[in-house]
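Working notes, beginning with the structure itself.
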């Protein structure tokens, strides 16, 4: 049986570790508010304004959702069609895919950071100065929203 004084010291040490956050990362801290905001933008829970190059009108909100092309059925159907997920109509966006240096769209190897990702969403130009196809919408997205989307994509499992 544990001595009462030792039990009290153990309890105090445990509370100190939990309150101090030392155990949080090992126990899997939940997503940040910024990551949750990014997830809502990704899924269409929060609207994004986007246009196809050459069109005056914005896309319907449901058509501007990132996951329409970069996840879900597209990701699942690429291997069935004999394609790697990055070879389909749109790449599956994971932290690894975004941050890893690799050739994209016939250009030289490139990797994304938050700034180049936001530039791509707004202008359609990737980090290697390769222009994305016209069917990729250009987004009117604030720095805060783009940063939240980046956090969501780069902190979710690959």
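Numbering (this note's numbering), first residue to last: 1495 to 1652. Every residue, glycine too, gets a C-beta built ideally from N, C-alpha and C.
Item to check | Backbone secondary structure at residue 1632 - three-state DSSP | outcome: For the purposes of this step, residue 1632 is taken as the residue at position 138 of the chain shown. In this structure, residue 1632 counts as strand in the three-state DSSP scheme.
Checklist entry - In the DSSP assignment, what residue or residues form a beta bridge with residue 1545? => result As a working mapping, residue 1545 is identified with position 51 in the chain shown. Its beta-bridge partners are 1632.
Item to check | Inter-residue CB distance, residue 1633 and residue 1542 (contact presumed, cutoff 8 Å) | outcome: Within the chain shown, residue 1633 is the residue found at index 139, counting from 1. Within the chain shown, residue 1542 is the residue found at index 48, counting from 1. So it is a contact: roughly 6 Å between Cβ atoms.
Next on the checklist: From the DSSP secondary-structure annotation, give me the bridge partner or partners of residue 1596.
Outcome noted: Stepping through the chain shown from its first residue, residue 1596 is reached at position 102. Per DSSP, the beta bridge partners of residue 1596 are 1604.
Checklist entry - Nearest to residue 1564 by alpha carbon, out of 1551, 1602, 1609, 1588? => result Locating residue 1564 in the chain shown gives position 70, counting from the first residue. Ranked by Cα distance from residue 1564, the options 1551, 1602, 1609, 1588 are led by 1588.
Item to check | Short Cβ contact (9 Å threshold) for residue 1626 with residue 1643 | outcome: Walking along the chain shown from the start, residue 1626 turns up at place 132. Walking along the chain shown from the start, residue 1643 turns up at place 149. Cβ distance not < 9 Å, so residue 1626 and residue 1643 don't count as in contact.
Item to check | Status (buried if at least 16 other CB within 10 Å, exposed otherwise) for residue 1648 | outcome: The residue you call residue 1648 lines up with position 154 of the chain shown. Residue environment analysis places residue 1648 among the buried positions, since at least 16 neighbouring C-beta atoms fall within 10 angstroms of its C-beta.
Checklist entry - Whole-angstrom Cβ separation of residue 1616 and residue 1635, contact assumed at under 8 Å? => result Position 122 of the chain shown holds residue 1616. Position 141 of the chain shown holds residue 1635. Contact between residue 1616 and residue 1635 holds: CB atoms are separated by about 7 Å, below the 8 Å threshold.
Checklist entry - Looking at C-alpha atoms only, which residue of 1639, 1640, 1631 is the closest neighbour of residue 1556? => result The residue given as residue 1556 occupies position 62 in the chain shown. Taking each of 1639, 1640, 1631 in turn and checking the Cα distance to residue 1556, the smallest one comes out for 1631.
Checklist entry - Hey, residue 1552 and residue 1545 are a contact pair by Cβ (cut 8 Å); roughly how many whole angstroms apart? => result Residue numbering aside, residue 1552 sits at position 58 when the chain shown is read from its first letter. Residue numbering aside, residue 1545 sits at position 51 when the chain shown is read from its first letter. Yes, they are in contact, since the Cβ atoms of residue 1552 and residue 1545 sit about 5 Å apart, within 8 Å.
Checklist entry - Should residue 1639 be labelled buried (16 or more other beta-carbon atoms within 10 Å of its own) or exposed? => result Here the question's residue 1639 lines up with position 145 in the chain shown. The residue is buried, with at least 16 neighbouring Cβ atoms inside 10 Å.
Checklist entry - Can you tell which of 1637, 1620, 1629, 1525 has its C-alpha closest to the C-alpha of residue 1598? => result Position 104 of the chain shown, counted from the start, is the residue given in the question as residue 1598. Taking the Cα of residue 1598 as reference, the smallest distance to any Cα among 1637, 1620, 1629, 1525 is reached at 1620.
Next on the checklist: Quick check: what's the CA-CA separation for residue 1585 versus residue 1591?
Outcome noted: Within the chain shown, numbered from 1, the residue matching residue 1585 stands at position 91. Within the chain shown, numbered from 1, the residue matching residue 1591 stands at position 97. Going from the Cα of residue 1585 to the Cα of residue 1591 covers about 8 Å.
Item to check | Residue environment, residue 1581, which counts as buried when at least 16 other CB atoms sit within 10 Å | outcome: For the purposes of this step, residue 1581 is identified with residue 87 of the chain shown, where counting begins at 1. Low per-residue confidence applies at residue 1581: pLDDT is 49, beneath 50, and the placement is therefore not dependable, though the value from the model is reported in the following sentence. With fewer than 16 other beta carbons inside 10 angstroms of its own, residue 1581 counts as exposed.
Checklist entry - Which residue or residues does DSSP assign as beta-bridge partners of residue 1619? => result In the chain shown, the residue the question calls residue 1619 occupies position 125. Per DSSP, 1625.
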